[in-house]
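Protein chains: 4
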Amino acid sequence: MIDVALLGAGRIGRIHAGNLVRQPGVRLAAVSDVNAEAAAALAAEYGARVASADDVFADRSLAAVVIGSSTDTHADFIVRAAAAGKAIFCEKPVDLELVRARACADAVHKAGVTCMIGFQRRFDPTFAALKRRLDAGEIGDAEMLVVTSRDPGAPPVDYIRKSGGIFKDMLIHDFDIFRWILGDEAVSVHAYASCLTDAAIADAGDADSTLVTLRTQKGRLCVINTSRRAAYGYDQRFEVLGSRGMLQAGNHRPTEVVAAGGQSISSDLPEPFFLERYRVAYADEIAHFFAALRDRTTVRTTIDDGVAALALAEAAATSWREGRVVAL
Amino acid sequence: MIDVALLGAGRIGRIHAGNLVRQPGVRLAAVSDVNAEAAAALAAEYGARVASADDVFADRSLAAVVIGSSTDTHADFIVRAAAAGKAIFCEKPVDLELVRARACADAVHKAGVTCMIGFQRRFDPTFAALKRRLDAGEIGDAEMLVVTSRDPGAPPVDYIRKSGGIFKDMLIHDFDIFRWILGDEAVSVHAYASCLTDAAIADAGDADSTLVTLRTQKGRLCVINTSRRAAYGYDQRFEVLGSRGMLQAGNHRPTEVVAAGGQSISSDLPEPFFLERYRVAYADEIAHFFAALRDRTTVRTTIDDGVAALALAEAAATSWREGRVVAL
Amino acid sequence: MIDVALLGAGRIGRIHAGNLVRQPGVRLAAVSDVNAEAAAALAAEYGARVASADDVFADRSLAAVVIGSSTDTHADFIVRAAAAGKAIFCEKPVDLELVRARACADAVHKAGVTCMIGFQRRFDPTFAALKRRLDAGEIGDAEMLVVTSRDPGAPPVDYIRKSGGIFKDMLIHDFDIFRWILGDEAVSVHAYASCLTDAAIADAGDADSTLVTLRTQKGRLCVINTSRRAAYGYDQRFEVLGSRGMLQAGNHRPTEVVAAGGQSISSDLPEPFFLERYRVAYADEIAHFFAALRDRTTVRTTIDDGVAALALAEAAATSWREGRVVAL
Amino acid sequence: MIDVALLGAGRIGRIHAGNLVRQPGVRLAAVSDVNAEAAAALAAEYGARVASADDVFADRSLAAVVIGSSTDTHADFIVRAAAAGKAIFCEKPVDLELVRARACADAVHKAGVTCMIGFQRRFDPTFAALKRRLDAGEIGDAEMLVVTSRDPGAPPVDYIRKSGGIFKDMLIHDFDIFRWILGDEAVSVHAYASCLTDAAIADAGDADSTLVTLRTQKGRLCVINTSRRAAYGYDQRFEVLGSRGMLQAGNHRPTEVVAAGGQSISSDLPEPFFLERYRVAYADEIAHFFAALRDRTTVRTTIDDGVAALALAEAAATSWREGRVVAL
């Protein structure tokens, strides 16, 4: 039995809690949150105890921590958990500063602990199936990747101000998709960005619409287009052009009802947002993490992946701010 | 807390067990099966006790039974559970003989217990959404219903021999869809059937392909086309033509990957069979049953629905065997 | 050069005229219509002369006639054209009476002239491609055919009164599809029909919604569902279930625009009616007719096909009126 | 009656000839080509005379010229036709050199003649319908445009060498789509390009895969992704994200057959190449040109559009070669 502490009892923490208690041989032993009430409620629901972060890191019976607390705590928790020899599952991003993220990676490597970053999209059934088929050679060599990643609406400007900017907050997932799908590294990145949906976002120094292009070591091309506001919902698609064909990953819909009325043939909008679209992915990434601990295998999304995606986000932000191509 | 006994620890019983233990205020207290090993394994998994059927019906602490045992036991278990004042969830069909099914319904009504028949398709997210939109008047008055219901492959001939025939074994679900979607009753039915996939099915006195047409009290028309063998998987669709448009319920796919190769654009086959396609439906029907018990509301699929679908199946079988239209 | 007379200068006549003048080696020499003005206008447009029907049949320089006049003239024109040794292209139906249609077929066979009936759907690119793939064995042996054939709206009741009824007027095309696609003949037919869209149609002794089922010599099954009124347009689909898969023929859309709005994802309605949907088919059937004359090959839709479809229409009408299965 | 001379009797010239003879009040009077045989054959087919280019420009009875000759002749023919006061329809591009193209535009403006450039994609039924719906405000303000434009295979390297490079040869159409759809002008452009399909293309100094991003005066974003080789056919799509939704223009398919086999559900590949995909567009642009002459209205794609698209192509090529963002 692996006893686990959950750091962070908010929305994503609750999801991880619900998923981890279903893993064979895994027990949610402790819940920690600066919001004592949230911690207590979640702990009660699953028969766990409430603990401070200090308690968690000091308790040798806890073999793993799941970090779902606010972004500014991630780096500290990772370093402390690594020092305590605990396996780590941490929500993205590792940190908003590349320097600190790299320090976390160093700490993890030095301690030799398992550390998985929550890039849940790699576990989406559609995305994962596409990756398997690509790797199996179905469309030959990958040449181009077109990623569409649009949110149904922007978060509050207060959130945006602390978010690290759209490239680190929103595109970090897409940079991970880019690296994962192509299995190649960028040598050059360029970004255009605009603020088209809400002037308050520009006032906060951020953009809401971006076009990022990348060129890889092997000369492959990738474009990521994002928007903070797609009126039709959460739009998460990508397509890979290969030498022998194309693979496309489409949106998931709540139902397969099609209506033919007097004006058009219509089907469902995509699943509304990430909690719905990636419901299976959240469950599968937690299962993967604990299976890796059990079977002593490597996790699919390491802290190095977290650092690499952050590096791309910083480069893209630089390209946008300075109006130039950035070499990597 | 409602203590429940599960009668039948086979494939469908295990699914019901997994779903019912997740319901708030519900406990799987006892498991019964003629296969003692299966009962013991399932009971152990959920901390329940093994019990004989006699024990179950005698135990006043058990408020409800979930019947997932073989078809020939359903009628007896329903009658005994009703006599014992227990709420009943029973897999379809009620029985293979209309006379016995009616006797069960009488017993249930007399006892005044809740009895729900497992027509899980009504709980499929796609089918249920279509029904809600139809009832909301989106396409005006329903005029015609076209049901496509095809299995990926026939069961063993030994099973077919005891199944009651394709109309009672397979189309019973489609007859329930017909009654539910149109909210109307058949006045006349006609059936063609053939054996096209395996001569052994004909030798067993059954057919593997059917076309059943029905005319309702209000003059609406319905056709059900079925096959025991669709090489491309489990095909579960229907469409309703209304005065102002059409609603179609399509198949669910495992993923939304689309591949463009040298010959065609291709997407996933439907979910392979009923356990996958109706996974959510099985969970939702059990949730509905226990919510109805908790809230003292009426269940959506009563024993009368079970009897009515069986009556249609018998009429269709008669039409086929006697080569004539059957009035109802 | 083949000189052709067009009998009938109405809507369908104009379409045939526009298509036939584009055939190599074919000249529209004469146009005949009881409406002298229509004949004159169409003749002028293509540099043809106006002629009476008597003139047409007497003129030995005219090698072929294209009959697009009203249904009640078809039989007489076919018999006279056959007697005069002219090749014949005639719009469906041959006649509304099976006896007269058979007499026409006898006259054609006796004269040994080419006679093609305008079942243009066989020339629809989608339908024709499906047939080729079916014949090539792509889905193995055909087992079941599901035909959906719905008009966007009913014609005036005055037209319906003289139309011969929905089975002869509308389903005759679908009976031809049935025979063509399955390459098999019906041994038994059953029809349900209702009047659901306009009581005036019932007053005229006709129905507007039908479900016709057929069983063939080889035990295959077919269902044809039709309606005089589909609010979303002209719905012309069919699907064939075979031993190794399924082939579906879908509707054509005017454009491939997809819109994602706040409520749904929507695409175009089907092409609005037969003139748009079957535009290519009308051109291709005329090309086929004149190519057959030129190359002395057999036409794809003979007068025997016209008679056979009419026989099915009569049987279905009988089934409906008498409430019974009709053997063929 | 407008008498027209066709300059260029090759593949595209033949298509224009077939379309222009169908226009009311338009006559193909003369055909000119350096290949005398091709000119003679085409002239004979439509009852036109063969003429030299000098004859064409000297003949005052010719009110218009349609230029479908090789690219290096366009500028000269435009200037001479303008000087002779003739209306001009010219295939894209105006010229491979921006300076010469601008001189052509000056000549046209000075002469005051109608000059239309053959950006046929604006006349594609799907693209044109999308544009109408966008202009009607269906999705609010346009924010982002994603253009996918892939050929089924590269032309011979000899052609590529003289083509002006992929940006002028292939993307010129896409730059026109960008300007037309967004109704806005680029202020900045960036291009990545690679040679991934055939090293001989790189040896010829060109690329076969590109990602071009643009930012407009209003801050809108556009990305164009192209490849010389899509194994699945001719891929011509785009999508516009607006403040209230998204409009997508998809590929056209030869048929609407869908096949469900043992491995997948599959539909047709797109129309194979531009002659098939844009067949209706070619007909409609010629109709538009002559309707504009007849009605004295403005053409939709002027020589200024031709110059503007060329300017973007040059800027993109510069961006690629110099590895930097180019301001416009």
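These protein sequence lines map, in sequence, to chains A, B, C and D.
Be aware that the first sequence starts at 0, since it is given in numbering that gives the first Met the number 0, and climbs by one per residue.
Be aware that the second sequence starts at 0, since it is given in numbering that gives the first Met the number 0, and climbs by one per residue.
Be aware that the third sequence starts at 0, since it is given in numbering that gives the first Met the number 0, and climbs by one per residue.
Be aware that the fourth sequence starts at 0, since it is given in numbering that gives the first Met the number 0, and climbs by one per residue.
Note that beta-carbon positions come from the ideal geometry of N, C-alpha and C, so glycine has one too.
Model, not experiment: these values are computed from the prediction.
| Item | Value |
| --- | --- |
| Mapping DSSP to helix, strand and coil, what is A/LEU309? | helix |
| With distance defined between alpha-carbon atoms, name the residue in D/ALA258, D/PHE166 and D/ASP205 nearest to C/ARG132. | D/ALA258 |
| Would you mind giving the Cβ-Cβ distance between A/ARG252 and A/GLU275, rounded to the nearest angstrom? I have them listed as a contact below 8 Å. | Between A/GLU275 and A/ARG252 the Cβ distance is about 10 Å, and since that is not below 8 Å, they are no contact. |
| Taking 9 Å as the cut-off, decide whether the C-beta atoms of B/GLN119 and B/ALA280 are in contact. | yes |
| Taking Cβ positions, are C/VAL3 and C/ILE302 nearer each other than 9 Å? | no |
| In chain D, which residues lie with their C-beta within 9 Å of the C-beta of B/LEU268? | ALA259, GLY260, GLY261, GLN262, SER263 and ILE264 |
| When the distance is taken between beta carbons, is B/ALA190 closer than 9 Å to B/ILE159? | no |
| In three-state terms, what does DSSP make of A/ASN18? | helix |
| Looking at the C-beta of D/VAL212, does it have a partner C-beta in chain A at a distance below 9 Å? | Here residue 212 of chain D turns out to be Thr, not Val, going by the sequence shown. Yes, contact with chain A. |
| Short of 9 Å Cβ to Cβ, which residues in the stretch 107 to 135 of chain B face chain C? | none |
| Ignoring anything shorter than 3 residues, give me the beta strand (DSSP E) runs that lie fully in the stretch 184 to 270 of chain A, in order along the chain. | 185 to 193, 208 to 215, 220 to 226, 234 to 241, 244 to 248, 256 to 259 and 264 to 266 |
| Say whether chain B places a C-beta atom closer than 9 Å to the C-beta of C/LEU6. | no |
| Round the Cβ separation of A/GLY7 and A/SER51 to the nearest angstrom and send it over; I've been treating them as touching at under 8 Å. | With a Cβ gap of about 13 Å, A/GLY7 and A/SER51 do not count as contacting. |
| If the criterion is Cβ atoms closer than 9 Å, does the pair C/LEU240 and C/GLU142 meet it? | yes |
| With distances taken Cα to Cα, identify the nearest neighbour of A/ALA230 among C/ILE264, C/GLU96 and C/VAL222. | C/ILE264 |
| Please check the pair D/ALA29 and D/VAL55, which I expect to be a contact at CB under 8 Å, by giving their CB distance rounded to whole angstroms. | 6 Å |
| By DSSP, does C/ALA83 sit in helix, in strand, or in coil? | coil |
| Would you mind sorting A/VAL98 into buried or exposed? The rule is 16 or more other CB atoms within 10 Å of its CB. | exposed |
| Determine, using beta carbons only, whether C/SER208 comes closer than 9 Å to chain B. | yes |
| Pick helix, strand or coil for C/GLU275, following the three-state DSSP scheme. | helix |
| From A/GLY111 to A/ILE87, what does the alpha carbon distance come to, in whole angstroms? | 11 Å |
| Can you give me the C-alpha to C-alpha distance between C/HIS287 and C/CYS103, rounded to a whole angstrom? | 22 Å |
| Rounded to the nearest angstrom, what separates A/LEU220 and D/ARG228 at their Cα positions? | 14 Å |
| Extract the residue ranges of the beta strand (DSSP E) inside the stretch 111 to 196 of chain B, only unbroken runs of 3 or more that lie entirely within it. | 114 to 116, 141 to 149 and 185 to 193 |
| Would you report the Cα separation of B/LYS85 and C/ALA192, rounded to the nearest angstrom? | 46 Å |
| Buried or exposed: which applies to D/LYS167, given that a residue is buried once 16 or more other Cβ atoms fall within 10 Å of its Cβ? | buried |
| Take D/GLY249 and list the residues in its own chain whose beta-carbon comes closer than 6 Å to its own, dropping the five residues that flank it on each side. | ARG236 |
| Taking its Cβ as the centre, do 16 or more other Cβ atoms sit within 10 Å of D/VAL186, making it buried, or is it exposed? | exposed |
| Could you tell me whether any Cβ in chain D is nearer than 9 Å to the Cβ of A/ASP140? | yes |
| Tell me the residue span of the alpha helix (DSSP H) that contains D/LEU41. | 35 to 45 |
| Within 9 Å of any Cβ in chain D, is that where the Cβ of C/ASN250 sits? | yes |
| Might you give, ordered along the chain, the residues of its own chain that have their beta carbon closer than 6 Å to the beta carbon of B/ALA37, omitting 5 neighbours on each side? | ALA8 |
| Run down chain B in chain order and give the residues with a C-beta less than 8 Å from the C-beta of D/TYR231. | ALA259, GLY260, GLY261 and ILE264 |
| For chain A, find out if any of its Cβ atoms is closer than 9 Å to the Cβ of C/ASP234; answer yes or no. | yes |
| When you compare the CB positions of C/THR70 and C/LYS161, do they come within less than 9 Å of one another, or not? | yes |
| According to the Cβ coordinates, are A/SER226 and A/LEU181 closer than 9 Å? | no |
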